[in-house]
Amino acid sequence: MINCADNTGAKSLYIISVKGIEGRLNRRPSACLGDMVMATVKKGKPDLRKVMPVVVVRQRKSWCRKDGVLMYFEGSAITGPIGKECADLWPSIASAANAIV
Numbered sequence: 619m620i621n622c623a624d625n626t627g628a629k630s631l632y633i634i635s636v637k638g639i640e641g642r643l644n645r646r647p648s649a650c651l652g653d654m655v656m657a658t659v660k661k662g663k664p665d666l667r668k669v670m671p672v673v674v675v676r677q678r679k680s681w682c683r684k685d686g687v688l689m690y691f692e693g694s695a696i697t698g699p700i701g702k703e704c705a706d707l708w709p710s711i712a713s714a715a716n717a718i719v
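In the numbering used here, the protein residues as written are 619 to 719.
Next up, the structure:
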């Protein structure tokens, strides 16, 4: 379950699969910043409860950038910064963000 970071009316999402990951039997799909995933809405408006593509813009788990800096976000909210990795892959999301970290 992940929190939704836009104003569509969805509150929490359940990740079904990650685009580009073949997977293995009984292994959960994992995604990081900038990955496109297929998700369903678990909490939110009833008309949004279908499978839809979603992009991961923040994560609590720390990750190491190429320059050696460990980064993580404290949580997700409706508005807030997004990761540089996501902004490089998705310019339309970067233009709507208020800060890029």
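Even for Gly, the Cβ is constructed at its ideal location relative to N, Cα and C.
Here the structure is a predicted model, which means the values were calculated and not measured.
Within 8 Å, strictly: CB atoms of residue i and residue j
i: Leu666; j: Val659; result: yes
i: Ser635; j: Met619; result: no
Buried or exposed (CB count within 10 angstroms, at least 16 for buried), residue i
i: Ile700; result: buried
i: Cys650; result: exposed
i: Cys682; result: exposed
i: Val672; result: buried
i: Glu581; result: Residue numbering for the chain in the displayed model covers 619 to 719; residue 581 lies beyond these limits and cannot be assessed.
i: Val655; result: buried
i: Ala623; result: buried
Assigned secondary structure, residue i (DSSP; H/G/I helix, E/B strand, else coil)
i: Ser635; result: strand
i: Ala623; result: coil
i: Ala649; result: coil
Beta-ladder partner(s) of residue i, from DSSP
i: Gly662; result: Ala628
i: Ile718; result: Ile700
Practice task
Kindly provide the ranges of any alpha helix (DSSP H) runs that are 4 or more residues long and lie completely inside the segment 671-699, ordered along the chain.
Solution key: You should have found no qualifying run.
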